[in-house]
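One structure below.
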Amino acid sequence: MDAIAQPPLARVDGEPYTQLPRDLYIPPDALEVFLETFEGPLDLLLYLIRRQNLDILDIPIATVTRQYMDYLALMRELRLELAAEYLLMAAWLAEIKSRLLLPKPTLAEMEEDDPRAELVRRLREYERFQQAAKVLDALPRLERETFVASAEPPCRESVRPPPPVGLNDLLAALREVLTRAELFGHHPIRRETLSVRERMSQVLERLDTLRFTAFTELFRPEEGRIGLVVTFLAVLELLREAVLELVQSEPFAPIYLRRQG
Amino acid sequence: MPALKTILEAVLLAAGEPLPLERLQKVFPEAEQPEREALRAALAELTVDYAGRGLELIEVASGFRVQVPGTFSPWVSRLWEERAATYSRALLETLALVAYRQPVTRGEIEEVRGVSVSSSIMKTLQERDWIKIVGHREVPGRPALYATTRAFLDYFNLKSLSELPPLAAPRDPDAIGAELDRRIAVPSSDSTTSTESPDD
Amino acid sequence: MPALKTILEAVLLAAGEPLPLERLQKVFPEAEQPEREALRAALAELTVDYAGRGLELIEVASGFRVQVPGTFSPWVSRLWEERAATYSRALLETLALVAYRQPVTRGEIEEVRGVSVSSSIMKTLQERDWIKIVGHREVPGRPALYATTRAFLDYFNLKSLSELPPLAAPRDPDAIGAELDRRIAVPSSDSTTSTESPDD
């Protein structure tokens, strides 16, 4: 534990102090720095323990408490504002010390925890996170060890993607519009075979490019009977809607379809 | 120590801005600063290395800069896509009517919806390549007949229009199952059965 | 069309931030989006290509990032006048507690550190986007629970919290008790110094 390098506690006239002077005499301005060096009472206690190369598990409470109180007295003498935590720790140390001095009366109370146990637990816990902080600080991090590599992008203008639509949205929209239409009652919508309407679109599409096609060419034998019927119905519907017309030059001649107009 | 051109590559990529030769020199300790000629030679090597890659080294007014060549802008620009907006209910209803009632005229859509269909909706749907004009109805005014496109089917992962969900869609079978379980669980005197009903 | 890995190189360099696989997929048009496996393979190729170069490809919490390896920091850091920020022990200890103990309340941090945590430290950590409030403990006062963010992992070159170096093993409280019992079995005043060597 003593191997852990301590940062300089203070600089006095430019001289770095890594060890507090044994006689505890610290120039006032250095003490202020010293107070900032410690992260709190646990940190100060850990420092005192490490400095004397003691085992946390066997803290000589009387000694440590005395030293701790000396520091506190000095700080107060110098009218440094002491955080309440330091005073709380002093009270706790005094309590532990007094309990250790009491004789252990009965066997039953032998079971009682060592009054130092809680202090030891907290010191060790804090020590772990002191270590963790060092480990974290040592990790390679951006802007110190590693740097984001970037190249000037060729363009910055953003693209706005078209809105996504789900099939369910579509169905919901249709249901809604049909419900609304039914409410008004003017236009009862009857469900039509989709495939006929689809085929109507396909026939029209075909005529869009060809303008003129043989009736028989619309049929695909591989679609089977259903396919033939659907195509036939589509053609009939288109005729009824006056989109198409049938042309036959003479009886039994081939029938042609063409767009009206 | 890494090669000069490798150090320059690292420095230029980390900088994120054009660096003049003087600044490139200054990334080396004073005693080791390369001559400008050495720097220029190393930068020329990098330029060659980058041929056919996703980056290029160019000299601009304020120095040398690594940039992504313009040929990559189709991909790069998609990085900053804005959030997609959503379509209006009017547009979805129009699309649904074209899908289920095609070929259909705008007037027919308006009749069912009870309101007029704005031109911008028809334009948007055509620009998205989801609907197109497949003909005209031979009535006065020869209104255009709209149908859905192949791109529409592709977008919705449909092989043909017959795969569109039927209008009177049956309820989700899972939901029906859960409903049944709930109903069956009630009359049961055994309180443990209720714990067996699936969560819904 | 350029090779997949070249497109990825261009996109990653243009982005200047970590990109998850999903975002890499989305720089391709809908119909041409490569599979995640293809992307991973291309990224692996890039990783190999970058060996010994001034850049490297790493995966951090938010995705894949191209960065300048730490070996170049002596040169790169000379680019800027300012030295990289150093953080106080108080800030690092607080960050370590949030990282290893998350989700954790300010009170719990103070309990371990034995001092109150200054508001400015919590503010700095949140402004750096290293920690954030993820909820509240349901006890009187509903104290905020803090956790680290993805940006924290990104910044420290980590893919997930599990990559954090392990925390020194806690000493089992029972073991501490037993050890103490053994040592004080002979009633001793606390001034008695143990002759046993420290066991750690």
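Residue numbers (the numbering used here), protein chains in the order written: chain P, 35 to 295; chain Z, 102 to 301; chain W, 102 to 301. Where is the CB? At the ideal position from N, CA and C, for every residue including glycine.
message: Given a cut-off of 9 Å on the beta-carbon distance, is the pair Z/E209 and Z/L196 in contact?
response: no
message: Do Z/R238 and Z/A252 count as a contact pair if the criterion is CB distance below 9 Å?
response: no
- prompt: Quick one, are the C-beta atoms of W/V112 and Z/V177 less than 9 Å apart?
  reply: yes
message: For Z/K106, count the other beta carbons within 10 Å of its own beta carbon; 16 or more makes it buried, fewer makes it exposed. Which is it?
response: buried
- request: Just grab the DSSP bridge partners of W/I159 for me.
  value: W/R166
- prompt: Mind pulling the chain W residues with CB within less than 8 Å of Z/I108?
  reply: G155, F173 and W176
message: Once DSSP output is grouped into helix, strand and coil, what is the label at P/R293?
response: strand
- request: Say whether the segment 259-272 of chain P touches the segment 226-240 of chain P, bearing in mind that this needs 3 or more beta-carbon pairs closer than 8 Å, one atom from each stretch.
  value: yes
task: Report the residue ranges of all beta strand (DSSP E) runs contained in full by the segment 184-245 of chain Z; include only those spanning at least 3 residues, in chain order.
output: 232-237
task: Answer yes if the segment 154-161 of chain Z comes into contact with the segment 162-181 of chain P, meaning at least three C-beta pairs across the two stretches below 8 Å, and no otherwise.
output: no
task: Return the chain-ordered list of same chain residues with a C-beta closer than 6 Å to the C-beta of W/R243, the five sequence neighbours on each side being excluded.
output: H237
field: Separation of P/P188 from Z/L109, as counted between CA atoms
entry: 21 Å
field: Residues near Z/A143 in its chain [Cβ-Cβ closer than 7 Å; skip 5 each side]
entry: L105, K106 and L109
message: Between P/L122, P/R292 and P/V98, which has its C-alpha nearest P/E251's C-alpha?
response: P/R292
- prompt: Based on Cα-Cα distance, which residue from P/F163, P/M234 and P/R214 lies nearest to Z/T250?
  reply: P/M234
6 Å CB neighbourhood of Z/A245 in its chain, flanking five on each side removed: I234 and H237
Sequence-distant residues of its chain with Cβ nearer than 7 Å to P/A96 (five each side left out): K131
- prompt: Which partner residues of W/A248 appear in the DSSP bridge assignment?
  reply: W/K233
message: Taking the straight line between their C-alpha atoms, what separation do you get for P/E204 and Z/S189?
response: The displayed chain sequence assigns Leu, not Glu, to residue 204 of chain P. Looking at the two C-alpha atoms, the distance is approximately 12 Å.
message: If we define contact as Cβ-Cβ less than 9 Å, is W/A142 a contact residue for chain Z?
response: no
task: Could you tell me if P/R225 is buried or exposed, where buried requires 16 or more neighbouring beta carbons within 10 angstroms of its beta carbon?
output: Unreliable positioning characterises P/R225 in this predicted model, as indicated by a pLDDT of 49, which lies under 50. A coordinate reading is not provided.
- prompt: In chain order, what residues of the same chain have a beta carbon less than 7 Å from the beta carbon of W/V169, not counting five sequence neighbours either side?
  reply: G155, L156 and V177
message: Which residues in chain P have a C-beta closer than 7 Å to the C-beta of W/Y256? List them in chain order.
response: R175 and L176
- request: Starting from P/L278, follow its DSSP beta bridges and name the residues at the other end.
  value: P/R293
task: Identify whether P/V199 lies in helix, strand or coil by the three-state DSSP scheme.
output: coil
- prompt: Does any residue of chain W bring its CB to less than 9 Å from the CB of Z/F165?
  reply: no
Chain-ordered chain Z contacts of P/D242 [CB-CB under 7 Å]: V235 and G236
field: Contact set between W/G117 and chain Z, taken where Cβ atoms lie within less than 8 Å
entry: G117
message: Under 7 Å, CB to CB, which of the residues in the segment 176-204 of chain W have a partner in chain Z?
response: W176, V177, R179 and L180
- prompt: Got a sec, what are the start and stop residues for the beta strand (DSSP E) P/A248 sits in?
  reply: F246 to A248
query: Under a CB-based cut-off of 9 Å, is Z/A152 close to chain P?
result: no
- prompt: Would you call the CB atoms of W/L268 and W/L262 closer than 9 Å?
  reply: no
task: For the alpha helix (DSSP H) containing Z/E110, list its first residue and its last residue.
output: L105 to A116
- request: State the Cα-Cα distance for the pair Z/P130 and P/L108, rounded to the nearest angstrom.
  value: 47 Å
- request: Kindly indicate which residue of P/Y81, P/D148 and P/R214 has the alpha-carbon position closest to the one of P/L157.
  value: P/Y81
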